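Note sheet for the following structure.
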Amino acid sequence: MKFMKLKMLLCLAIAVIAMPAFSQGLKAFQLKNGLSVYIWEDESKSDVFGLVGVRVGSINDPEAYTGLAHYLEHVMFKGTDNIGALNWAEEEPIYKEIIAKYDQRAAETDPVKKDALNQEINELTLKAGKISLPTEYSSLMESIGAKGVNAATSYDYTFYHSSFPAYQINKWLEISSQRFIHPVFRSFQPELENVYEEYNRAQDNPNQAVSSFFMSKAFEGFPYSRDIIGLPEHLKNPQLSKLIEFYDTWYVPENMVLVLVGNVNAQQVAGRIAGTFGRLARKPMPARKEYTGTSIQGRKQYTEKIGYYPQVAMVFNGVPAGHPDEDALDIALSLLSNSSQTGALDKLVLDGELTSAGAYAQTFREQGRSVVVSIPLYDENQRRFESNKSAEKKAVEAIEQIANGAFEDWKINAIKAEMCRQFDLAMEKNEQKAMILMNAFCNGQDLNEILNYKDKIMAVTNDDVKRVAKQYLSKNYLALYIEQGKAKKNEKIAKPNYKPVEPPVGQQSLYALQFKNLPIGHVAENFLDFSDVQVKQLNDRSKVYYTPNKENNIFQLVLQYGAGTDEFPKLDIAASLMNNAGVMGLYEPQQLKEELSKLNATCYVSASSNYLTIVMEGFEETLPQACQLLSRQILMPKLDDKQLAQLKGNILSTRQQRKENVSTLNEALRQYLLYGDKSDYIDELTDKEVLELQISELTGDINRASNFESKIFYTGTLPFDNVYTILSQNLPLVANERPSESPRVKPMQSVSENTIYFLPNSDAEQAQIHFYLPMQTADKKDDVLRDAFNQYFGLDFTGLVLNEIREKRSMAYTAYAYAATQGIAGKASYLYGSIGTQNDKANDAVDVFMGLINDMPQNADRIDNIKSYLRQSALTNHPDFRTKAMYLVNLGYQGYTEDPAKEQLPQIDALTFDDIVKFYKENIQGKPYAIAIMGNPKMIDLKKLEKYGKVVKLNDKKLFNTTDTLF
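If you count by mature numbering (1 follows the signal peptide of the UniProt record, and there is no 0), then the sequence shown holds residues -23 to -1, 1 to 944, one letter each, in order.
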């Protein structure tokens, strides 16, 4: 990264970057120890998003110890010699012994002796667990109201992130820096089991095998070719000493960046940053392995039978992040496929030649590829797909068209405008700003180039695009054929039978005591002000909700007609077809897309159970023309039978494979548990009804739905009166609209006796467990109690469910539970829980969860944290300007007329732990429940499940609409 050296300021080695006008809130500097700091000030936000990024990922894993970068991310939450340390002097020798035992285990080849070492490590882990608190970091983050506390590992980087109230900046900086000072990888053994769970559950992901095949061929010779999680043989033989070595090598200040975006003042926090992150000792930068770029020559084909449906991925040469050709190549690929659907591949889809197709750049720090993916057309009559060979041939013709420069120049200008618009939209979000800055750091890119992105894009010439299209989209490519077939699953990593870690209850470290006494900034009770949301009647019943946009000139229009699939069961299919429709007598489908694209506008139609929704975005100067095009399409849609045949094929092909798709079966089981025969998979059109669909009835459904009253949500810069005039004159609205009954909610299952539904599935590597317990109807007076119970019982790493099932017993990678409502006062509320675990641990996982349900452990010490979290959440849970009006409307359904915090803060302040216990006893304990389990019947003891209720065996026919089925 290029910096200009300037004077010393606040004892920091400052390097300031000249920023473009729109980013004048961005400050960048470097600490003496080499750590980079990016702060983007935005006082309009209610909170701050903070992350610490490290320029290390799975690409840096040693070849003999893959998976270290990901392992390290997991154990970085376990504290330090201060955080979570009740008696470090006593714990340290145990910790060192555990490290030595893992080295001994790795060198041992005798399975019996290896297992004996596992048990020795488990005993040492239990011993250390009695004098340490591995979850204290999460608990302290909860106490400052931090949300979304998590981390992620990619190929090129690892980052740790959360959002938090602005006045907690001092505490956030303290603990977020402290975690990198002498970290202690406590509970390494249990966390290894959680990583095993993560690996094993990937075996049930229908896309995992496809992704692994693609990466192994596209990036052959690069570490990008292997899975981020690591190779199974390495996961089975871990060494804690190697993890520590990896941390010491890569987690050095010069290889790290601190990013703060939101309601933060750089001048005020610069000194505090120096005092916290400046404590990290300066260390030499690690040497990076250099890779020789591999160029694809000629056409090479590889075929694997691993897909639920056929597809062909054509992999061309590409460029790494920051390459001079990167932007021009992005534009060239967008000429094939883009969000406006004006590309050469898009036309094939719109014309019904392919089921779907897309083009994108797969860009990493060390290497990049250009990718075109096509799914062949599904023949509804023969009930099979066309060949991958035919799909490749069609795609090649479209690619050659672009490579030969056979495209209109205006399309490049439209694509460039769309790219600039997407950048402006990203600049509205704290998280997206932060990710853009972190990516720039991790890819070694000059911040000026990132922040001047729009100027850089507009500077790309048509000749640049034609040059790169010809250079990269050549006849040199890999043809990766994914044919229908069942992927061979890797050997799962078995779960040993370890005793659970039981940390002491009611204790905290000296660090925690000191941390809680740290000063915080001024706490202002800033409630949501809805005065800028203007509402005006339009026609008899419809209303316009207007919110000003003070950030850019991009408008967003959401037109929500008050009728959905509850009223018209085929409306979702009609809405899908509308996205490929033209205008009768005026435009073919892609011609209409092109007209919208020339106006720099995009439009998308969808239908839910309650609404037909149209979302339009664009630049405000073309608003009237964009609305006129929309109105013409809604009033006179041009649909044809070829498009309908393609849509039917999409639906039927999905149904053909879903009974073998573990993920789909799991979702169908979940919906059956909650809604019974009203599940989306049962309450759907039959296969015969899909085959008999006609253009006339689908067009009629669109017309009938658009006759209902509507809500129109608009954000923009034009004055409200101007917007109101434009919308009233140009939107497809009728007078005397039909009254709407939306929103309506789906009736939930009643439960009269405890029931366990079991769906046998021998292909599922993991058992999927769902819990459902109906509660009393929703009332806003219970909102605070419900939120408090959720925070205590089932959400985040501090909740009982995740703590007992994952942290202590390593039974599942995901485990959670929460009390929820349907979003409307007077409608159902319920408890829902979910666990994904190994089949041989399913019975144990149910036992633990039901133990929490039947006799909830009570730890009153948590009440202060919970109250603190809820209070801070209430004050910072603010919608952005684009969703503010919708948020207001939804509050009305729940019984609120203003910011809920005004009512809830006094309730939070008065909250006691006894209130949480009372809520549990009145709503959950002893109430009838239902459990649904999908798993391997050979490994799950159904007899043991009978102690929880009547066991009912299901099959896939019970989960899907089997009337007139074709498959």
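Every residue, glycine too, gets a C-beta built ideally from N, C-alpha and C. Model, not experiment: these values are computed from the prediction.
Nearest neighbour of residue i, chosen from the options [CA to CA]
{"i": "Y201", "options": "V236, G345, K219", "result": "G345"}
{"i": "P883", "options": "A247, L616, Q849, K895", "result": "Q849"}
{"i": "N10", "options": "P261, R249, E74, G539", "result": "P261"}
{"i": "G926", "options": "A128, L888, T732", "result": "T732"}
{"i": "L208", "options": "L695, Y173, F770, I376", "result": "Y173"}
{"i": "E572", "options": "D660, Y701, I392", "result": "I392"}
{"i": "R518", "options": "L777, N820, P834, S717", "result": "S717"}
{"i": "G198", "options": "A765, T271, Y807", "result": "T271"}
{"i": "A403", "options": "S333, I917, R859", "result": "R859"}
{"i": "A334", "options": "N365, E343, I840", "result": "N365"}
{"i": "K655", "options": "L607, V722, Y701", "result": "V722"}
{"i": "S719", "options": "N171, A584, N425, Q706", "result": "A584"}
{"i": "E714", "options": "K625, E686, P160, F735", "result": "E686"}
{"i": "D876", "options": "R609, M555, E502", "result": "E502"}
Check whether residue i and residue j have beta carbons under 8 Å apart
{"i": "V31", "j": "Y134", "result": "yes"}
{"i": "K547", "j": "L414", "result": "no"}
{"i": "N842", "j": "E151", "result": "no"}
{"i": "D941", "j": "T663", "result": "yes"}
{"i": "V667", "j": "A456", "result": "no"}
{"i": "F418", "j": "S13", "result": "yes"}
{"i": "I459", "j": "V187", "result": "yes"}
{"i": "T524", "j": "D509", "result": "yes"}
{"i": "L695", "j": "L777", "result": "no"}
{"i": "I158", "j": "V246", "result": "no"}
{"i": "E50", "j": "T102", "result": "no"}
{"i": "residue 955", "j": "V25", "result": "The question about residue 955 has no answer, for the chain in this structure spans -23 to 944."}
{"i": "G255", "j": "L490", "result": "no"}
{"i": "Q871", "j": "K688", "result": "no"}
{"i": "Q634", "j": "Y286", "result": "yes"}
{"i": "I611", "j": "I703", "result": "no"}
Residues that residue i bridges to, as DSSP identifies them
{"i": "V349", "result": "M291, A336"}
{"i": "Y279", "result": "L457"}
{"i": "Y522", "result": "V512, F690"}
{"i": "C580", "result": "M593"}
{"i": "R715", "result": "F685"}
{"i": "H300", "result": "Beta-bridge pairing links H300 to no other residue."}
{"i": "L736", "result": "M911"}
{"i": "Y355", "result": "F362"}
{"i": "L702", "result": "Reading off the sequence shown, one finds Thr at residue 702, where the question assumed Leu. DSSP lists no partner for T702."}
{"i": "H138", "result": "L28, N127"}
{"i": "F532", "result": "G595"}
{"i": "G284", "result": "Q461"}
{"i": "residue 957", "result": "Missing from the structure shown is residue 957; the chain here goes from -23 to 944 and no further."}
{"i": "Q537", "result": "T590, K688"}
For residue i, the first and last residue of its enclosing alpha helix (DSSP H)
{"i": "Y458", "result": "Where Y458 is concerned, there is no enclosing alpha helix (DSSP H), although the beta strand (DSSP E) it sits in stretches over 454 to 461."}
{"i": "P764", "result": "It is Asp, not Pro, that sits at residue 764 in the sequence shown. It spans 760 to 770 - the alpha helix (DSSP H) in which D764 sits, taken as one unbroken run."}
{"i": "N365", "result": "365 to 380"}
{"i": "P167", "result": "165 to 179"}
{"i": "N127", "result": "Looking at the DSSP string, N127 is not in any alpha helix (DSSP H); the run it does join, the beta strand (DSSP E), is 124 to 130."}
Residue range of the unbroken beta strand (DSSP E) whose run includes residue i
{"i": "Q514", "result": "511 to 515"}
{"i": "E85", "result": "Counting along the chain, E85 falls outside any beta strand (DSSP E), and DSSP gives it neither H nor E."}
{"i": "F384", "result": "Careful: F384 lies outside any beta strand (DSSP E) and carries neither H nor E."}
{"i": "H747", "result": "743 to 752"}
{"i": "L237", "result": "233 to 239"}
{"i": "residue 952", "result": "Examination of residue 952 is not possible in this model, given that the chain is present from -23 through 944 alone."}
* To do: Check whether the segment 229 to 247 touches the segment 8 to 28, taking contact to mean three or more Cβ pairs, one atom from each stretch, closer than 8 Å.
  => yes
* Asked: Within the chosen definition, does the segment 541 to 558 reach the segment 284 to 301 through at least 3 CB pairs nearer than 8 Å?
  -> no
* Asked: If you pair each beta-carbon of the segment 905 to 923 with each one of the segment 748 to 768, do three or more pairs fall below 8 Å?
  -> yes
* With contact counted as at least three CB pairs below 8 Å, one residue from each stretch, are the segment 803 to 816 and the segment 751 to 760 in contact? -> yes
* Asked: Do three or more CB pairs link the segment 574 to 591 to the segment 297 to 306 at distances below 8 Å?
  -> no
* Below 8 Å, can you find three or more Cβ-Cβ pairs linking the segment 872 to 887 to the segment 751 to 770? -> yes
* **Three CB pairs or more closer than 8 Å across the segment 306 to 324 and the segment 380 to 389** => yes
* To do: Determine contact between the segment 696 to 714 and the segment 595 to 614, defined as no fewer than three beta-carbon pairs at a distance below 8 Å.
  => yes
* Hey, is the segment 619 to 629 in contact with the segment 886 to 903, meaning 3+ C-beta pairs nearer than 8 Å? -> no
* Asked: Does the segment 91 to 98 come within contact of the segment 75 to 82, defined as at least 3 CB pairs closer than 8 Å?
  -> yes
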